[in-house]
Ligand SMILES: [Zn+2]
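In UniProt numbering, the protein residues as written are 1 to 234.
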């Protein structure tokens, strides 16, 4: 067994794959395949999967194995609203603090996002766009919120994958830039407002799809509704 692999390391790699949109909602996670991939025992893999289950990322189906969760529309909304509260709070708390080092790090991060958008690597692009929000918490010195935001962002990423968010990578990156520019100008109130708009834009991009996709009962009702014939002209 490789010395550097632990259940926590395996769990983090799974969360990273979710953030990179490499693992899709509903995807099966085979214990044996994971054990072979990490060259560890199935016991260790199960321990990692149980950690992920406690964090709400995977679920076990009896006799069928482990799956990445598929957040319901309500769970998706809940994750977005939790992010709005936490991220607005982080920006609010930054008022009056010296932020030049934070701003430099965030600018570097945005430059990485831009490079990934210009390149062809969709996974790196998705990961970096999500990681901006984790990086913000980290740079602002909120160590406990780093883990909270990584989990919340992974949840909204699953929702965005499931409900096929149309939010453009380029637009997201530009919105990150505007937030950092507001911080640089010392306008934390504006940074906070822009952050709320940004999270709202991402959420709306998937709500549109969820709204146009009727659920099964209403689809059936529509299918079986009497055909409306155009009225004959008199
Ligand atoms: Zn973002």
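By construction, the Cβ of each residue, glycine as well, lies at the ideal position given by its N, Cα and C atoms.
In this structure, residue 39 has its CB at a distance of at least 7 Å from all heavy atoms of ligand 1. Of the other Cβ atoms in all chains shown, 16 or more fall within 10 Å of the Cβ of residue 203; this residue is therefore buried. Just measuring C-alpha positions, the residue of 184, 59, 78 and 53 sitting nearest residue 153 is 78. Comparing C-alpha distances from residue 193 to each of 84, 64 and 45 shows the shortest one belongs to 84. Listed in chain order, the non-local C-beta contacts of residue 157 below 8 Å within the same chain comprise 18, 19, 21, 126 and 130, local neighbours out to five positions each way being set aside.
In chain order, 194, 197, 198 and 201 place their CB closer than 8 Å to the CB of residue 175, counting only its own chain and leaving out the 5 sequence neighbours on each side. In this model, residue 119 and residue 168 are separated by some 15 Å (Cα to Cα). Going by DSSP, residue 40 is part of no alpha helix (DSSP H) at all; its letter is neither H nor E. Within the same chain, 105, 106 and 109 come within 8 Å of residue 135 by CB-CB distance, once the 5 residues on both sides are set aside. Residue burial is scored here from C-beta neighbours: residue 155 has at least 16 other C-beta atoms within 10 angstroms and is therefore classed as buried. Rounded to the nearest whole angstrom, the C-alpha separation of residue 116 and residue 123 is 9 Å.
Annotation for residue 140: 90, 94 and 102 place their beta carbon closer than 7 Å to its own, counting only its chain and skipping 5 residues before and after.
As DSSP reads the structure, residue 65 sits in a beta bridge with 61. By the CB criterion at 8 Å, residue 69 and residue 60 fall outside the cutoff.
In the structure shown, residue 28 adopts extended strand secondary structure according to DSSP, grouped into three states.
Ranked by Cα distance from residue 8, the options 82, 161, 186 and 44 are led by 44. For the pair residue 137 and residue 191, the Cα-to-Cα distance works out to about 14 Å.
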